[in-house]
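Visitor: Attaching a single structure in structure tokens format; questions to follow.
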Amino acid sequence: MTKPLTISTDTSEPCLARRTLLKGAAAAVAATGVTMNAALAASVTPFGQTGAPTRSTAPLPLGPLPGSRYPDSHLESAKKGPPTFGPADFPAFAGTMAVERVATGFRWAEGPVYFAAGRYLLFSDIPNNRIMRFSEDDGHVSVYRQPSMNSNGNTIDREGRLITCEHSGRRVTRTELDGSITIIADKFNGKRLNSPNDAVVTADGAIWFTDPAYGIGGFYEGIKAEPEQAKKNVYRVDPKSGDVKVVIDDFVEPNGITISPDEKKLYICETGFTDGPDNPSHIRVFDLDVAAGKVSNSKVFAEMPKPSITDGVRCDTEGRVWCSVGWGDPNEDGVRCYTPSGDLLGKIHIPETVANLSFGGQQRNRLYICGSTSLYAVYTSVQGAMKP
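If you count by mature numbering (1 follows the signal peptide of the UniProt record, and there is no 0), then the sequence shown holds residues -41 to -1, 1 to 347, one letter each, in order.
The structure is reproduced here in structure tokens:
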């Protein structure tokens, strides 16, 4: 039987107050009467936290969630009535599918990406400054990289190399097949990026990434700093020249990013609501011209139920859009699935705040879900698009 990673899973610890911590680190230091310099010297290494949290509660149990029975009550189809069993409805609501907790004991799990050749999933544990590795064949969890420069989003390029967005490094990097690390982007117009958050790679090899300011808002998920960029942009890195270009500049806080399987649509999560109640909380969709490296015809694809936000987004091979939901009503925590036209198909309820998700598994039909201190998984009746 797989044993959980033996580190803290106390859901009352800082991961649940993450947005507050990111924006209120300076005030918290001042309230304790400690000077900023003293706080830095006492508690912050050059690249963020380095130690695993101290256990304060029993580990969360692995396996199917408590109360699960077929059909699993954590899977909710938008279509009411008797359960249906096929992709025509909600493709995670089919008979014996069940939501499972497959690993636990992290501070804030983010940025999952699946490597089919090795049957393992990598994901970030941002405050602990490490990338974790979950082995699908035996459930073993190990540290892939530490320090990770407070990595957030991860993806794979067309050569099978890991692309990582780093908070403390304020950059996007590529891990080469020999293990060395190449900086893909760390500046625009001679000024440092904010804190790259998530990335996707198109068929031509271009890397598209979002650059909100969450990673420089405090010392919990990065290093507190003043932004050098005037805006929080979405960028494209040219695959031939390496030039970094702004492709979208009107987001409040651009976050998760993905593309449709035919590469004609670009989806980006807008989490501006975290900056103020009058700001949006939704997914935007753009017409994507990969060859030209441009987008057009921006529109809102799906609104989130405020105060919840959507942090991560993925597509399946039939163009459905799967997104995380969290930070608001606990009854909304989990994953939502939409048709390509934006109609809600169903929800996956998770007992922790959800940040991001990725398809994996031998048939790429297993949806991995990063939920605060834990990693969850559920089999679906569809396959994830090959582009993470």
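Just so you know, even glycine gets a beta-carbon here, dropped at the ideal spot from N, CA and C.
Note that this is a predicted model, so its numbers are computed, not measured.
Roughly how many angstroms separate the alpha carbons of Phe147 and Pro18, rounded to a whole number?
Guide: 43 angstroms
Visitor: Closest to Pro106 by C-alpha separation, out of Leu121, Gly174, Asp84, would be which residue?
Guide: Comparing alpha-carbon positions, the option among Leu121, Gly174, Asp84 lying closest to Pro106 turns out to be Asp84.
Visitor: Leaving aside the five residues before and after Ala261 along the sequence, list all residues of the same chain whose C-beta is less than 7 angstroms from its C-beta, in chain order.
Guide: His241, Ile242, Tyr297, Gly301
Visitor: Below 7 angstroms between beta carbons: does that hold for Val131 and Val206?
Guide: no
Visitor: For Ala(-11), which of helix, strand or coil comes out of DSSP?
Guide: For Ala(-11), the pLDDT reaches just 37, beneath the cut-off of 50, and the residue's location in the model is therefore unreliable, although a value from the coordinates is still provided. Helix, per DSSP.
Visitor: So the beta strand (DSSP E) Gly112 belongs to, where does it begin and stop?
Guide: 110 to 115
Visitor: Going straight from the alpha carbon of Asn324 to that of Ser317, what length do you get?
Guide: 10 angstroms
Visitor: Whether or not the stretch 161 to 174 and the stretch 199 to 214 are in contact is what I'm after, with contact meaning three or more pairs of Cβ atoms, one per stretch, closer than 8 angstroms; do they touch?
Guide: yes
Visitor: Would you call Lys224 buried or exposed, if buried means 16 or more other Cβ atoms sit within 10 Å of its Cβ?
Guide: buried
Visitor: Quick one: Cα of Ala68 to Cα of Asp275, how far?
Guide: 22 angstroms
Visitor: By Cβ distance below 8 angstroms, which residues in the same chain neighbour Met345 in space, the five residues on each side in sequence not counted?
Guide: Pro220, Thr276, Arg323
Visitor: According to DSSP, simplified to helix, strand and coil, what is Gly178?
Guide: First, the amino acid is wrong: residue 178 is Phe here, not Gly. Coil at Phe178, not helix or strand.
Visitor: Opposite Glu35 in the DSSP bridges: which residues?
Guide: Lys306
Visitor: Distance, Cα to Cα, Asp116 vs Arg133?
Guide: 9 angstroms
Visitor: Just mark Thr217 as buried or exposed, buried being the case when its beta carbon has 16 or more other beta carbons within 10 Å.
Guide: buried
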